[in-house]
Amino acid sequence: MNTAFFYPNQANDRRSVRKLLKNYAYPAMVNMIVLAVYNVVDRIFIGQGAGPLAICGLALTLPYVSLLGTVGTLTGVGGAARISPAASTANLALASKILGNALFLNVMLSLMLIFASLYYLDEILLFFGGSEATIPYARQYLNILIPGSLLTNLNFTLCHAIRAVGFPRKSVTILLAGAIANILLDPIFIFGFGMGIQGAAIATVVSMCVSLTLILLHFRSPRNPLHLTQSSFRPHLLILVSIIGMGMASFIMNITTGMVNIIMNRYLKNYGGDYAIGAYGIISSYSILISMLLMGICQGMQPIISYHYGMGNQARVRDLLQYALRMGTAVACTGFALCELFAPWLVKCFTWDAHLAEISTEGLRYTFIAMPLVGLQIVATSYFQSVRQAPKAIVMNISRQFLFLIPALGVFATHKGLAGIWLAIPFADVMATLIAVFFIWKAINKH
Numbered sequence: 474m475n476t477a478f479f480y481p482n483q484a485n486d487r488r489s490v491r492k493l494l495k496n497y498a499y500p501a502m503v504n505m506i507v508l509a510v511y512n513v514v515d516r517i518f519i520g521q522g523a524g525p526l527a528i529c530g531l532a533l534t535l536p537y538v539s540l541l542g543t544v545g546t547l548t549g550v551g552g553a554a555r556i557s558p559a560a561s562t563a564n565l566a567l568a569s570k571i572l573g574n575a576l577f578l579n580v581m582l583s584l585m586l587i588f589a590s591l592y593y594l595d596e597i598l599l600f601f602g603g604s605e606a607t608i609p610y611a612r613q614y615l616n617i618l619i620p621g622s623l624l625t626n627l628n629f630t631l632c633h634a635i636r637a638v639g640f641p642r643k644s645v646t647i648l649l650a651g652a653i654a655n656i657l658l659d660p661i662f663i664f665g666f667g668m669g670i671q672g673a674a675i676a677t678v679v680s681m682c683v684s685l686t687l688i689l690l691h692f693r694s695p696r697n698p699l700h701l702t703q704s705s706f707r708p709h710l711l712i713l714v715s716i717i718g719m720g721m722a723s724f725i726m727n728i729t730t731g732m733v734n735i736i737m738n739r740y741l742k743n744y745g746g747d748y749a750i751g752a753y754g755i756i757s758s759y760s761i762l763i764s765m766l767l768m769g770i771c772q773g774m775q776p777i778i779s780y781h782y783g784m785g786n787q788a789r790v791r792d793l794l795q796y797a798l799r800m801g802t803a804v805a806c807t808g809f810a811l812c813e814l815f816a817p818w819l820v821k822c823f824t825w826d827a828h829l830a831e832i833s834t835e836g837l838r839y840t841f842i843a844m845p846l847v848g849l850q851i852v853a854t855s856y857f858q859s860v861r862q863a864p865k866a867i868v869m870n871i872s873r874q875f876l877f878l879i880p881a882l883g884v885f886a887t888h889k890g891l892a893g894i895w896l897a898i899p900f901a902d903v904m905a906t907l908i909a910v911f912f913i914w915k916a917i918n919k920h
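The working numbering applies: residue 474 is where the sequence shown begins, and numbers increase by one.
Below, the structure is given as structure tokens:
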């Protein structure tokens with residue numbers, strides 16, 4: 474096990490805290506950006522190569538792609554949280570059994586979701602706000618991507634395990650190779666073979682195959698301490714329950730995000746039509762990039778804070794939290810400035826259609842008004858997961874989505890139309906940040 478990197482022996486001062494967090498956070502940030510690139514690159518090439526209705530059809534799939542990924546989140550986060558302490562005490566047999574059970578759970582849940590999704594696909598897309606103009610595009614994309622979600626979820630679970638035993642840079646390299654393959658294959662399939670939106674889906678699945686191949690090669694390497702045997706995959710009820718328990722907070726957050734996106738799509742369809750859904754697809758591309766960077770900071774922070782919290786080192790936990798909050802706020806403020814200043818040019822990366830570009834530019838500027846606050850929200854949520862206070866993390870996420878955003882969509886849309894839908898997002902961010910500040914203030918002043 475790569476213990477020299479995983480738990481370095483450093484002096485207990487703020488400089489070492491910052492270095493430790495950067496060592497974990499930077500690879501994780503690259504990792505998360507690579508994951509975001511898969512979807513964003515597809516949208517760019519589809520928007521430029523298949524036209525505005527194609528990108529509207531692709532935007533229609535976003536909630537379902539998010540829901541498909543919840544399996545990988547559940548087993549990846551939950552499995553890594555159990556693997557990490559087992560591996561740090563050199564109990565590699567237990568770590569292997571945990572990973573095997575995580576993969577078993579991953580495959581079972583993925584297959585159930587895949588078969589149900591394909592059977593009810595048209596009904597699902599209609600419920601998501603699809604129309605006769607956009608559903609054919611969405612169907613072409615999802616008919617390929619839904620079966621491929623098994624590969625995506627396996628990649629997510631295995632890369633979490635690789636990081637959990639001290640190889641964060643290796644997991645980044647593996648996912649980066651897949652992302653590069655996706656960028657290279659997208660224009661070949663979309664333009665070269667004239668396959669349009671289907672070509673983007675095929676490129677994504679092939680890229681996931683590339684990543685999974687590299688992961689399997691890593692697990693065959695003698696440098697890898699975590700080896701799987703046939704007995705590793707034998708289901709163990711207590712291990713399965715513990716994986717689900719550790720990953721449940723992240724799972725619920727992903728589920729709620731997918732559900733809110735469905736509701737958002739329906740409001741957009743009613744107040745702005747297919748192009749408003751397409752605009753949201755473009756806007757969410759930039760939101761995803763910033764959110765993934767913030768999640769990278771959180772993934773770097775979580776194992777370190779969990780370790781020092783378990784050791785009772787509250788001073789270091791507090792320093793790590795404060796530095797992570799500063800990093801998260803800096804990332805969010807940078808994203809805010811870029812999107813507010815360069816919105817028209819950023820939108821043109823996806824489309825040259827004047828009507829779609831106009832809606833997207835307005836929406837991007839409105840929705841990013843409160844972006845500087847989002848860093849604090851996401852880091853705070855992750856912190857409470859790390860210190861075994863998952864209910865607080867769930868409360869913060871659910872309150873933003875269901876207590877603030879959904880009611881605001883109804884009220885704001887009634888009075889302001891499409892602009893009101895865009896403004897409901899920063900309103901929910903402001904309210905959720907107030908809750909996060911309250912919880913963090915109580916946590917810091919408790920020690």
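Each residue gets a CB set at the ideal place from its N, CA and C atoms; glycine is no exception.
Keep in mind the model is a prediction, meaning the values are calculated, not measured.
Check: How should residue 665 be labelled, buried or exposed, when 16 other C-beta atoms within 10 angstroms of its C-beta is the threshold for buried?; Outcome: exposed
Check: Straight-line CA distance for residue 608 to residue 634?; Outcome: 37 Å
Check: Under a three-way DSSP split, which group does residue 590 fall into?; Outcome: helix
Check: Which ranges does the alpha helix (DSSP H) cover as unbroken runs of at least 4 residues, wholly within the region 780-829, from first to last along the chain?; Outcome: 787-814, 816-821
Check: What number of angstroms, rounded off, separates the C-alpha of residue 586 from the C-alpha of residue 686?; Outcome: 24 Å
Check: Determine the DSSP secondary structure at residue 872, reduced to helix, strand or coil.; Outcome: helix
Check: Would you grab the beta carbon distance between residue 527 and residue 548 for me? Rounded to a whole angstrom, and I think it's under 8 Å.; Outcome: That belief does not hold up - the Cβ atoms of residue 527 and residue 548 are roughly 32 Å apart, past 8 Å.
Check: Leaving out five residues on either side along the sequence, give the residues of the same chain with a beta carbon under 8 Å from the beta carbon of residue 729.; Outcome: 870, 871, 874, 875
Check: Alpha carbon to alpha carbon, what distance is there between residue 704 and residue 757?; Outcome: 42 Å
Check: In this structure, how does DSSP classify residue 698 when only helix, strand and coil are distinguished?; Outcome: coil
Check: Tell me whether the region 758-767 and the region 801-813 touch, counting them as touching only if at least three CB pairs, one residue from each stretch, are closer than 8 Å.; Outcome: yes
Check: Do you know offhand how far residue 519's Cα is from residue 663's?; Outcome: 8 Å
Check: Expressed to the nearest angstrom, what Euclidean distance is found between the alpha-carbon atoms of residue 673 and residue 818?; Outcome: 23 Å
Check: Roughly how many angstroms separate the alpha carbons of residue 499 and residue 708, rounded to a whole number?; Outcome: 35 Å
Check: Exposed or buried, which one is residue 702 when buried takes at least 16 other CB atoms within 10 Å?; Outcome: exposed
Check: How is the alpha helix (DSSP H) around residue 705 delimited, first residue to last?; Outcome: No alpha helix (DSSP H) contains residue 705, which DSSP labels as neither H nor E.
Check: Expressed to the nearest angstrom, what Euclidean distance is found between the alpha-carbon atoms of residue 680 and residue 625?; Outcome: 10 Å
Check: Any idea what DSSP makes of residue 562, helix, strand or coil?; Outcome: coil
Check: One question on the structure: do residue 507 and residue 689 come within less than 8 Å of each other, judged by their Cβ atoms?; Outcome: no
Check: Tell me which residue opens and which closes the alpha helix (DSSP H) that residue 641 is part of.; Outcome: 641-660
Check: Leaving out five residues before and five after residue 559 in sequence, what residues of the same chain have Cβ atoms less than 8 Å from its Cβ?; Outcome: 565, 567, 568, 571
Check: Taking its Cβ as the centre, do 16 or more other Cβ atoms sit within 10 Å of residue 884, making it buried, or is it exposed?; Outcome: exposed
Check: Do the region 814-829 and the region 878-895 meet, that is, are 3 or more Cβ pairs less than 8 Å apart?; Outcome: no
Check: Which same chain residues, not among the five before or five after residue 734, have their C-beta less than 7 Å away from its C-beta?; Outcome: 535, 536, 539
Check: For a test of the three-state rule: what should DSSP assign to residue 893, helix, strand or coil?; Outcome: helix
Check: Can you check whether the CB of residue 613 is closer than 8 Å to the CB of residue 671?; Outcome: yes
Check: Do you know offhand how far residue 525's Cα is from residue 591's?; Outcome: 25 Å
Check: Short check: CB of residue 659 to CB of residue 515, under 8 Å?; Outcome: yes
Check: Kindly indicate which three-state DSSP category residue 484 falls into: helix, strand or coil?; Outcome: Because the pLDDT at residue 484 is just 43, under 50, the model does not fix this residue reliably, and the point stays unresolved.
Check: Quick check: the Cα distance between residue 820 and residue 731, rounded to an integer number of angstroms?; Outcome: 23 Å
Check: Go ahead and label residue 787 buried or exposed: buried means 16 or more other beta carbons lie within 10 angstroms of its beta carbon, across all protein chains shown.; Outcome: exposed
Check: With distance defined between alpha-carbon atoms, name the residue in 655, 909, 623, 594 nearest to residue 512.; Outcome: 655
Check: I'd like to know whether the C-beta atoms of residue 714 and residue 617 end up nearer to each other than 8 Å.; Outcome: no
Check: If you draw a straight line from the alpha carbon of residue 889 to that of residue 906, how long is it in whole angstroms?; Outcome: 24 Å
Check: Write down the C-beta distance between residue 645 and residue 503 rounded to the nearest angstrom, noting that I regard them as a contact closer than 8 Å.; Outcome: 5 Å
Check: Could you round the C-beta distance between residue 494 and residue 797 to whole angstroms and report it? I think they count as a contact, below 8 Å.; Outcome: 6 Å
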